[in-house]
Amino acid sequence: MSGTASKMFNTWRKGYGPIVHREETVERIVALASSGRIDPQPLYRMLVAADRLTSAAMWSVVHMTYTKRVDLSGAPLPADAFKTTPEGHTGGSLNMVPAFVGYLTANAISATTRSWLMGQGHCVAAIEAVNVLTGDVSPAQKGRYDRSEKGLSQLAADFYSYKIGPDGAPAVPLGSHAGPNTAGAISEGGYLGFAEVQYVHMPLPGESLVAFLSDGAFEEQRGSDWTPRWWRAEDSGHVIPVMILNGRRIEERVQIAQQGGATWLADHLKLNGFDPFIVDGRDPAAFAGAILEAERRLQSFAAEAAHSYPAPVPYVIAETVKGFGFPGAGTNAAHNLPLGGNPAQDEAARTAFNDAARVLFVPPDEIEQAVAAIAVHGKQGRVPESRHPLALRRPPTPVLPEPDWTVAGSPPDCAMHAIDRWFVRLVDANPGLRPRVGNPDELRSNHMGATLDRLRHRVNVSEPNVADAVDGAVITALNEEAVAGAALANKGGINLIVSYEAFALKMLGGLRQEIVFARRQREVGQKPGWVSVPLIVTSHTWENSKNEQSHQDPTIGEALLGEMSDTARVLFPVDTNSAMAALRAVYQGRGQVACLIVSKRDMPYRFGGEAALKFIADGAAHIEGERDGAELQLVAIGAYQLEEALKAAHRLKTHGRRVLVTALSEPGRFRIPRDSIEAAFTASEQDIAALFPAGLPRVIVSHARPEPMLGLLRRLDSGPQRTVARGYISRGGTLDVAGMLFANRCSWAHLVDAGGALLGCKREEILSSTEQGALDGRGDPADLAAFTF
């Protein structure tokens, strides 16, 4: 080692502020310096800088929680410098600082910009503080936050300022969790557990991803145990999970700590196929070395000619205490406000803050030197960490094959079979887009057999005569969140999720996390570039009549209709052609999650190819009857609902009534828009008038519950005297389709009865006494099932 390198080593070895380098960390760093992979002198210079950048960022984090301004002289702050109401997830953010600085340092050491993901989004103060100090901020933050006293004071003042603009949007580019204005963020991380099931499916070959995970989330979502089951060197980049093991949730120790801590976790991870190792979670050098070591191990595995799966995926366990470096560390108070008092009013708390801040303080000239040593992406000819590969995902526009349209006169056919055939053609037409299919269990049962045979279940060891393969692209597990995560994470490819409708509800948290983040990106002018992801829910409420009510639940579509319709689409195709048109339309979009409610039983032909495309593009279409001169409009949302509406219209027409039957494919298109982005997506007043004539009595029959659908379609509602809604009313059991329709008052006869009342018809004019008796609970519902047209 040269004299300069030795001097830098000794400087680093002393640590800085609260950072102490343990012997095992020193040994690992010395081994790295001796490996020949990097010159020791710049290595130790970077590590010295990392200590100072870490301490400065921790200093900034505690100021973000407690103060309205900073003082770069390091002088104690007076009472009026503190916030009246401090707020922040301080302990976890303090723990994230050495981790994120270690990540930056590893990138600088290896001259590589790795992607990053933080599952614990509430620790955003750490990311923002480091980004501001290094100058790698988002466009919205540029010019507002920097490492000057003014810029850091603005950062502290804005954090949890709750400022709101005239348009109702946050007035500062800084939030409580990671967001689009957090440079480099790709997920809010507000719903713990979803980063854990997604990270393994994120990087493409040639990329590396560092996934920061939390011990609390380890207890939230078990699918993360399966990372070695899914990772393949042949079709994925490197994944480096890093758990911040601080031992505490909000109010108590995590289960890992209760069962034995880091050693217990390492043993648990080994049983699940990981290759874990424990490092000092208080030291940025430990993180940097661990990231480089984990990547080296994966590279060595991939280079083995005879490697087999599951791969021993390295897993970094970074052991620390919650809130390290500040009073209250290791206690429940560390989660949020560790001082136990408000420095604005409490002198003891103020003294404790100033004393702790003094230890963390780094003079501005040393911060400048540290940044110069760490933020070297320009000199190294690589992009900054805010522009890592996953943050800029925009795969090529997929080639969308023309569907093999069903023609008029064809017998009833299965929409799922049509989707299955078309999806295989889509995959074959786009060999450069990595496919992922999220499958909870029954892909073939859900009539996606061709897709299964083409892409196959991903397994470690293939079974003879089964549609599986080591390189399979169908991610199958009886865990809806985990398999949905595989598709949502694969933003560089083509994805599909298929589920029973009732059980797709388990995916809602993960879906909503993607939807909310993408919508926020749109709002701040960062249009998400990934190809939209369809969730097909089949074996749905009405055709799962043979099972009990656990299998009869339309809530997933209802819940997604509550989100902004430009980003969360919900579509109700009614036949094979409209199902293919709907799926094709989803893949034409970017940054959307679309739920398609699709029947898997054979349904009649209702649309030709061009008509199906228009039905999906417009959101609705007239099926039968004339708009002009109609006395009543039956609006059907869903395939079974359309068939009942057509039967009802036939009965009414045989009694001289002029009925217009309209199928509605995308209810969200006809809502009252809630902002300008949604307004650009929803139907205009002219479109509404063409499809839903003003003043016309209307019966809306919905696949979903009538009340939320009626509220959504307020623009079509002329009031209770002119508009009636029917739909699922939470009745079911072991029934057939006709029984489900009857139990939920959605049969053709119920629609005739409702429509006749709006028209002022006497019941006996349009319904026989037997049919009336069935409707009134005095007869046999089977008498209604016999009606055909």
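The sequence shown runs contiguously to residue 833 in our numbering. All C-beta atoms, glycine included, are put in the ideal place defined by N, C-alpha and C. Given the structure is predicted, the values throughout are model-derived calculations rather than measurements.
**Asked** Taking the beta strand (DSSP E) that Pro578 falls in, what are its first and last residues?
**Response** For Pro578, the enclosing beta strand (DSSP E) begins and ends at 577–582.
**Request:** If I'm right that Leu499 touches Val471 with Cβ under 8 Å, what's the distance once you round it to whole angstroms?
**Result:** Contact between Leu499 and Val471 is confirmed by a C-beta separation of about 7 Å, below the 8 Å threshold.
**Asked** For Val568, which residues of its own chain have a beta-carbon under 7 Å away from its beta-carbon, when the five flanking residues on both sides are left out?
**Response** Excluding sequence neighbours, Val568 sits near Ala184, Pro224, Asn225.
**Prompt:** Does DSSP put Gln198 in a helix, a strand or coil?
**Reply:** In the three-state reduction of the DSSP assignment, Gln198 falls in the helix class, which pools H, G and I.
**Message:** Using a Cβ-Cβ cutoff of less than 7 Å, which residues in the same chain neighbour Met90 once the five nearest sequence positions on both sides are dropped?
**Reply:** Taken in chain order, the residues that qualify are Thr149, Ala152, Ile153, Ala417, Ile418.
**Item:** Contact belief for Arg759 with Phe714 at Cβ below 8 Å, rounded distance in angstroms
**Value:** At roughly 6 Å, the Cβ-Cβ gap stays under 8 Å, so Arg759 and Phe714 are in contact.
**Prompt:** Taking Cβ positions, are His221 and Val141 nearer each other than 8 Å?
**Reply:** Not in contact: His221 and Val141 (Cβ atoms no closer than 8 Å).
**Message:** Using the three-state DSSP reduction, which class does Ser643 fall into: helix, strand or coil?
**Reply:** Here Ser643 sits in coil by DSSP.
**Request:** Mark Leu436 as exposed unless 16 or more other C-beta atoms lie within 10 angstroms of its C-beta, in which case mark it buried.
**Result:** Per the 10 Å Cβ criterion, exposed.
**Request:** My understanding is that Arg775 touches Pro750, with C-beta atoms under 8 Å, so please give their C-beta distance in whole angstroms.
**Result:** In fact, because the Cβ distance is near 12 Å, the residues do not count as touching under 8 Å.
**Alpha carbon of Gly673 to alpha carbon of Ala626, nearest angstrom** = Roughly 31 Å separates the two Cα atoms.
**Request:** Report yes if the CB atom of Pro285 is closer than 8 Å to the CB atom of Ala332, and no otherwise.
**Result:** No.
**Message:** Which same chain residues end up closer than 6 Å to Arg695 when comparing Cβ atoms and leaving out the 5 residues on each side of it in sequence?
**Reply:** Cβ neighbours of Arg695 beyond the five flanking positions: Val796.
**Item:** Between the CA atoms of Glu675 and Arg701 - distance to the nearest angstrom
**Value:** Roughly 7 Å between the two C-alpha positions.
**Request:** Check Ile230 in the structure and name its three-state DSSP category.
**Result:** Ile230 carries a coil assignment under DSSP once its states are collapsed to helix, strand and coil.
**Asked** What is the rounded straight-line gap between the Cα of Leu477 and the Cα of Ala727?
**Response** Taking the CA atoms as reference points, Leu477 sits about 33 Å from Ala727.
**Request:** Note down the Cα distance separating Ala119 from Glu337, rounded to an integer number of angstroms.
**Result:** Distance between the alpha carbons of Ala119 and Glu337 is about 40 Å.
**Message:** Among the candidates Pro617, Ala170, Leu257, whose CA atom is the shortest distance from the CA of Tyr359?
**Reply:** Nearest of Pro617, Ala170, Leu257 to Tyr359, Cα basis: Leu257.
**Item:** Stretch pair the segment 95–105 + the segment 170–182: three plus CB contacts closer than 8 Å
**Value:** Taking a cut-off of 8 Å on C-beta distances, the segment 95–105 touches the segment 170–182, as three or more cross pairs fall below it.
**Item:** Nearest to Leu434 (by Cα), restricted to the options Pro62, Leu253, Thr450
**Value:** Ranked by Cα distance from Leu434, the first of Pro62, Leu253, Thr450 is Leu253.
**Prompt:** How many angstroms separate the CA atom of Asp327 from the CA atom of Asp464?
**Reply:** Taking the straight line from one Cα to the other gives about 51 Å.
**Prompt:** Quick one, which of Thr109, Asp279, Ile63, Val181 has its alpha-carbon nearest Gly146's?
**Reply:** For the residues Thr109, Asp279, Ile63, Val181, the minimum Cα distance to Gly146 belongs to Ile63.
**Asked** So, Ala388 versus Phe203, is the Cβ gap smaller than 8 Å?
**Response** Result no, Cβ atoms of Ala388 and Phe203 do not sit closer than 8 Å.
**Message:** Three Cβ pairs or more, each shorter than 8 Å: is that satisfied between the segment 528–543 and the segment 573–587?
**Reply:** Enough Cβ pairs lie closer than 8 Å, so yes.
**Buried versus exposed, by CB contacts within 10 Å (16 or more), Asn474** = Label assigned to Asn474: buried.
**Message:** For Leu522, tell me which candidate among Ser192, Gln242, Arg266 has the shortest Cα-Cα distance.
**Reply:** With respect to the C-alpha of Leu522, the residue from Ser192, Gln242, Arg266 having the closest C-alpha is Arg266.
**Message:** Within 8 Å, do at least three Cβ pairs link the segment 630–650 to the segment 580–590?
**Reply:** Touching, per the Cβ criterion.
**Message:** Considering only DSSP beta bridges, list what Tyr359 is partnered with.
**Reply:** In the DSSP assignment, the residues bridged to Tyr359 are Pro320.
**Request:** Assign Tyr235 to buried or exposed, taking buried as 16 or more other Cβ atoms, counted over all protein chains shown, within 10 Å of its Cβ.
**Result:** It counts as buried.
**Cβ-based neighbour list, Phe53, same chain, cut-off 6 Å, excluding 5 preceding and 5 following** = Setting aside the 5 residues that flank it on each side, Phe53 is surrounded in the same chain by Tyr88, each with a C-beta closer than 6 Å to its C-beta; the list follows chain order.
**Prompt:** DSSP beta-bridge partners for Gly482?
**Reply:** In DSSP, Gly482 forms a bridge with Ile519, Ile541.
**Prompt:** Looking only at C-alpha atoms, which of Ser720, Leu496, Asn504 sits nearest to Leu540?
**Reply:** Among Ser720, Leu496, Asn504, the Cα nearest to that of Leu540 is on Leu496.
**Prompt:** Are the segment 505–519 and the segment 185–199 touching by the rule of at least three beta carbon pairs closer than 8 Å?
**Reply:** No: fewer than three Cβ pairs fall under 8 Å.
**Request:** With Arg465 as the anchor, note down where its alpha helix (DSSP H) starts and where it stops.
**Result:** That run of the alpha helix (DSSP H) goes 459–473.
**Request:** Decide if Tyr206 is buried, meaning its Cβ has at least 16 other Cβ atoms within 10 Å, or exposed.
**Result:** Tyr206 comes out exposed.
**Message:** For Pro453 and Asn621, I'd like the C-alpha separation in whole angstroms.
**Reply:** One point to set straight first is that residue 453 is Gly, not Pro, in the sequence displayed. The alpha-carbon separation between Gly453 and Asn621 amounts to approximately 13 Å.
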